[in-house]
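> Just passing along the structure, written as structure tokens.
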Amino acid sequence: MIGRSLLSFTLLALTLTTVGCQTEGPTTVELAAGDYGSTFDAAVNELRLADFPLERIDAARGVIATGPKRTAGMLTPWHGEQQSIGQEWQDLINDQARSVRVTFAPVEDAEEVDDLRMSIAPLAMSVESVIWRYAVPGVRLETEAVGLSTLTSDRLLAEGGAYGRAAAPLRLDEPHAAALTGRILARADRRPAERDTSEN
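All residue numbers for the sequence shown refer to my numbering, where the first residue is 987 and numbers rise by one.
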């Protein structure tokens, strides 16, 4: 009975992790000339309202970067990073965080400038979201019996002051980046610019 329940739970978990992983919407959009200032401010405000720790705000170079923000998936439904039940589940069972980087740059055929605030040309905005996973160095989990899990210590790491959890980038979160791109454009009341592809 216990084995059947465990199997059912495992199948449910695998199903949840594969549901709803489709990316909807772009993560790079072109902005019309003159829209940079309002869109940059909208990106800063959107990240601030989402409780991301802002580490860099550089309007001249067109860079906004955040530190990692942790959530607990289903246990923290007031956060909007997860875009599917599978992501909610993954953030629940793993110690994970997300960091965001928003960059603005001249489009391919636009003239580059030292300060983007002075630019009157169209710019491209790109949004990148990275999932980080935390782990405790030296922990080896036993899958058959939790009580048999082991914890080892590294003397060299301890002497160097390396304690606690270590974070490593896991993968890009395209669904979150796409959703965030849409929210930034909505906050700025902007739509992606449409390039003129007609022949002169």
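For every residue, glycine included, the Cβ atom is placed at its ideal position computed from N, Cα and C.
If you measure between the beta carbons of Ala1164 and Pro1012, is that distance less than 8 Å?
Taking 8 Å as the Cβ cut-off, Ala1164 and Pro1012 qualify as a contacting pair.
> Evaluate contact between the segment 1151–1170 and the segment 1020–1034, counting only Cβ atoms and requiring at least three cross-stretch pairs below 8 Å.
Yes: the two stretches touch, three or more of their Cβ pairs being nearer than 8 Å.
> Can you give the Cα-Cα distance for Ala1121 and Ser1085, rounded to whole angstroms?
Near 17 Å, if we compare the C-alpha coordinates of Ser1085 and Ala1121.
> Where Thr1052 and Met1060 are concerned, what is the direct C-alpha to C-alpha distance, given to the nearest angstrom?
For Thr1052 and Met1060, the distance between alpha carbons rounds to 23 Å.
> Identify whether Ile1043 lies in helix, strand or coil by the three-state DSSP scheme.
Strand.
> What residue range is occupied by the uninterrupted alpha helix (DSSP H) comprising Arg1176?
Careful: Arg1176 lies outside any alpha helix (DSSP H) and carries neither H nor E.
> Using 10 angstroms around the beta-carbon of Asp1021, count the other beta-carbons present and answer buried if the total reaches 16, otherwise exposed.
That one is buried.
> Assuming Asp1081 and Arg1042 are in contact, meaning their beta carbons sit under 8 Å apart, how far apart are those beta carbons, in whole angstroms?
With a Cβ gap of about 25 Å, Asp1081 and Arg1042 do not count as contacting.
> Which of the three DSSP states is assigned to Val1113 in this structure?
Looking at Val1113 - three-state DSSP - the assignment turns out to be strand.
> Check each candidate in Asp1044, Asp1037, Ile1117 and Glu1160 and name the one with the smallest Cα separation from Asp1196.
Within the shown structure, residues of the chain are numbered from 987 to 1186, placing residue 1196 beyond reach of any answer.
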